[in-house]
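Trainee: Just dropping this structure here.
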Amino acid sequence: MSEIRVRFAPSPTGNVHIGNIRAAIFNWLYARHTGGKFLLRVEDTDRERSTPEAIRTLLEAMKWLGLDYDEPEMYQSHNTARHLAVAEDLLRRGLAYKDDKGGKGECVIFRMPKEGKLEYHDLVKGDMHKKAKDVQDFVIVRTDGTPVFHLANVIDDIDQRVTHIIRGDDHVENTFKHIELFKAIGAPIPQYAHLPMIVNNQGKPYSKRDGAAFVGEFREQGYLPEALFNFLLLLGWNPGDDREVLTRQEMIELFSLEKCGSSASRFDIKKLQWMNGEYIRQTPREEFTKEFVSRVQAAGLSVGGVNLDGIIEQMQVRTKFYRDIPSNCRYFFTDDYPFDPKGVSKRLQGDEVPALLEEVADAFAGLDTFTQVTTHDVVAGKAASKQVNMGVLIHPVRVAVSGLMEGPGLFEMLELIGKDRVIARLRHVAAILRDPAKQLPTLETV
RNA sequence: GCCCCCAUCGUCUAUCGGUUAGGACAUUAGGUUUUCAUCCUAGUAAGAGGAGUUCGACUCUCCUUGGGGGUGCCA
Numbered sequence: 001m002s003e004i005r006v007r008f009a010p011s012p013t014g015n016v017h018i019g020n021i022r023a024a025i026f027n028w029l030y031a032r033h034t035g036g037k038f039l040l041r042v043e044d045t046d047r048e049r050s051t052p053e054a055i056r057t058l059l060e061a062m063k064w065l066g067l068d069y070d071e072p073e074m075y076q077s078h079n080t081a082r083h084l085a086v087a088e089d090l091l092r093r094g095l096a097y098k099d100d101k102g103g104k105g106e107c108v109i110f111r112m113p114k115e116g117k118l119e120y121h122d123l124v125k126g127d128m129h130k131k132a133k134d135v136q137d138f139v140i141v142r143t144d145g146t147p148v149f150h151l152a153n154v155i156d157d158i159d160q161r162v163t164h165i166i167r168g169d170d171h172v173e174n175t176f177k178h179i180e181l182f183k184a185i186g187a188p189i190p191q192y193a194h195l196p197m198i199v200n201n202q203g204k205p206y207s208k209r210d211g212a213a214f215v216g217e218f219r220e221q222g223y224l225p226e227a228l229f230n231f232l233l234l235l236g237w238n239p240g241d242d243r244e245v246l247t248r249q250e251m252i253e254l255f256s257l258e259k260c261g262s263s264a265s266r267f268d269i270k271k272l273q274w275m276n277g278e279y280i281r282q283t284p285r286e287e288f289t290k291e292f293v294s295r296v297q298a299a300g301l302s303v304g305g306v307n308l309d310g311i312i313e314q315m316q317v318r319t320k321f322y323r324d325i326p327s328n329c330r331y332f333f334t335d336d337y338p339f340d341p342k343g344v345s346k347r348l349q350g351d352e353v354p355a356l357l358e359e360v361a362d363a364f365a366g367l368d369t370f371t372q373v374t375t376h377d378v379v380a381g382k383a384a385s386k387q388v389n390m391g392v393l394i395h396p397v398r399v400a401v402s403g404l405m406e407g408p409g410l411f412e413m414l415e416l417i418g419k420d421r422v423i424a425r426l427r428h429v430a431a432i433l434r435d436p437a438k439q440l441p442t443l444e445t446v
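Here it is, written out as structure tokens:
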């Protein structure tokens, strides 16, 4: 039994489309599951677009997703001489011919069978067949002397000794051509598996117009590679039971081409967002803390002198994207925090608010221990004596001390900010509200 | 035009002739008169249409419809 060898063969365009990277994921998983080799071939024959920069983008995307490959990457452009030599040989043996149908000069055409059936077994789509007369001869070398995709792709697969070709649905028709090429060259025919495409809400191929379509964009938007990987895997594959969030190890163990579906799947960003949150919540506390601290520090804030563990405990469960951490947590680390205009208009607008905030501040000042329990009791007492719901006090205080309308429970928040800061903030905000010449800094102005 | 592929809740999917058609996302309600998030509970929601095979069809066959892909110098 020869070893299983699969490959990912993208053309580096400067962006890596999610449909492409999903093919890479399925190939990678198949190799890891079977103990085979996962290879990378850079189809860089388009000299215009295949810049070193574009290749770097491709390699970075793969690294980010943990798609490691087992042999040095192959560059298709380095194999052009061989492609042309094979074409010459096919010509010599009468399996290809020269033609000038378009009047552009002579190109080399590969001769397809004219009668009978063409067939192959697709590992995901089943038995495939076509009448030979429905597949035409095709160009393998252009008029300008450069090899065409079909030729280069097949020869490189032969050279890399690829045994299983796992790629997008859009290549199904090409497969009949490629198989004849393998036969003509005298190479063993690989196994094929065609994955359904990722489409948008209209059922059209998912593109840039539909939102983030490239790996780099998801990375920039704060998605974790593990979440994107897991989500893309679930588009067209399932483990056979109800599990959805899987570890890399589980994916490798459970993966099989037989469980791949054959209908196109729509890209549902909502589910990706949910999954990203799942991964953030599952992140070990230590690792999340590291990420949290680096984001906060990158925003120019210091994490010294605060109850970092307490803040983390409150915020990990609320974090949807790492990139939102600084704006959601700024008030923990500095008194210079912006106010959400909606919060101001909804919670700090009334004439009674300044007095209310000062009253609460005064009551807090009398506390020896400042905890969620003692602050709760103070506010509860105030609400009772005023005969109002606690929310009447809680909401203005929350916006005053954090600038935001959301976050941890108020009393947890107060304890984390600390007595002195809370009191100072309440008085400071009250003073600004009383002074018609002053204004609270809003999100926009900061 | 011709050829090929596909078709279960709004979405991703399970089901491989006999199920109250299951799960997840989203959504609705409740737990929660302190928000947001988490968590828990409950709910709404699906076999495109028509023939046939069969005791019995979401499942097999055919047709229609819809969608996608391909169709000599893109990959």
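Mapping to this note's numbering: the first sequence position 340 is 340, numbers consecutive. Beta carbons are placed, not taken as given, at the ideal position from N, Cα and C, and that holds for glycine. A quick note: this is a predicted structure, and the numbers were derived from the prediction, not measured.
#1: Could you check which residue in Met128, Gly66 and Ser294 has the C-alpha nearest to that of His194?
#2: Rounded to whole angstroms, what's the CA-CA distance from Arg434 to Pro354? Just pull it up for me.
#3: Would you call Gly403 buried or exposed, if buried means 16 or more other Cβ atoms sit within 10 Å of its Cβ?
#4: As an exercise, report each continuous alpha helix (DSSP H) stretch of at least 4 residues that is fully enclosed by the stretch 249-291, in chain order.
#5: Taking the beta strand (DSSP E) that Lys98 falls in, what are its first and last residues?
#6: Do Val86 and Cys107 have their beta-carbon atoms positioned less than 8 Å apart in this structure?
#7: Where does Asp44 land, buried or exposed, given buried means 16+ other C-beta within 10 angstroms?
#8: So within the stretch 138-165, which uninterrupted alpha helix (DSSP H) runs reach at least 4 residues, ignoring any that extend past its ends?
#9: Leaving out five residues on either side along the sequence, give the residues of the same chain with a beta carbon under 6 Å from the beta carbon of Ala431.
#10: What's the call for Gln136, buried or exposed, on a 16-neighbour Cβ count within 10 Å?
#11: Tell whether a beta-carbon distance below 8 Å holds between Asp65 and Pro225.
#12: In this structure, how does DSSP classify Ala437 when only helix, strand and coil are distinguished?
#13: So, do the stretch 406-423 and the stretch 364-384 have three or more beta carbon pairs nearer to each other than 8 Å?
#14: Under 8 Å, with one C-beta from each stretch per pair, do the stretch 328-346 and the stretch 386-403 reach the 3-pair mark?
#15: How long is the line joining the alpha carbons of Gly305 and His428, rounded to whole angstroms?
#16: If you follow the beta strand (DSSP E) that Phe37 is part of, which residue opens it and which one closes it?
#17: Is it right to say Asp157 is buried, meaning 16 or more other beta carbons lie within 10 angstroms of its own, or is it exposed?
#18: Just to confirm the assignment, what range does the beta strand (DSSP E) spanning Leu308 have?
#19: Go through the stretch 187-228 residue by residue and report every complete run of the beta strand (DSSP E) that reaches 3 residues or more, in order.
Mentor: In terms of the structure at hand:
#1: For the purposes of this step, residue 194 is taken as residue 194 along the first sequence, with counting starting at 1. Looking at the Cα atoms, Met128 is the closest of the given residues.
#2: Along the first sequence, one-based indexing puts residue 434 at 434. Along the first sequence, one-based indexing puts residue 354 at 354. Distance between the alpha carbons of Arg434 and Pro354: 7 Å.
#3: By 1-based counting over the first sequence, the position of residue 403 is 403. So Gly403 ends up on the buried side.
#4: 269-282
#5: Along the first sequence, read from residue 1 onward, the residue named residue 98 stands at position 98. It spans Ala96 to Asp99 - the beta strand (DSSP E) in which Lys98 sits, taken as one unbroken run.
#6: Stepping through the first sequence from its first residue, residue 107 is reached at position 107. Stepping through the first sequence from its first residue, residue 86 is reached at position 86. Contact flag unset, no.
#7: To locate residue 44, count along the first sequence from 1; it is residue 44. Asp44 should be labelled buried.
#8: 149-159
#9: Stepping through the first sequence from its first residue, residue 431 is reached at position 431. If we look at Ala431 and ignore the five residues flanking it on each side, it has no Cβ neighbours.
#10: Locating residue 136 in the first sequence gives position 136, counting from the first residue. Exposed, because fewer than 16 other Cβ atoms sit within 10 Å of the Cβ of Gln136.
#11: As a first step, residue 65 is located in the first sequence; it is residue number 65 there, counting from the start. As a first step, residue 225 is located in the first sequence; it is residue number 225 there, counting from the start. The question names Asp, but residue 65 is Leu in the sequence shown. Against a cut-off of 8 Å, the Cβ pair of Pro225 and Leu65 comes out as a contact.
#12: Here residue 437 is taken as the residue at index 437 of the first sequence, counted from 1. It is coil, neither helix nor strand.
#13: yes
#14: yes
#15: Within the first sequence, the letter at position 305 stands for residue 305. Within the first sequence, the letter at position 428 stands for residue 428. Roughly 21 Å between the two C-alpha positions.
#16: Taking the first residue of the first sequence as position 1, residue 37 is located at position 37. First, the residue type needs correcting, since residue 37 is Lys and not Phe in the sequence shown. First-last of the beta strand (DSSP E) with Lys37: Lys37 to Val42.
#17: As a position in the first sequence, residue 157 is number 157, starting the count at 1. By the 10 Å Cβ count, Asp157 comes out buried.
#18: Here residue 308 refers to the residue found at position 308 when the first sequence is read from its first residue. First-last for Leu308: Leu308 to Gln316, but that is the alpha helix (DSSP H), not the beta strand (DSSP E).
#19: 191-195
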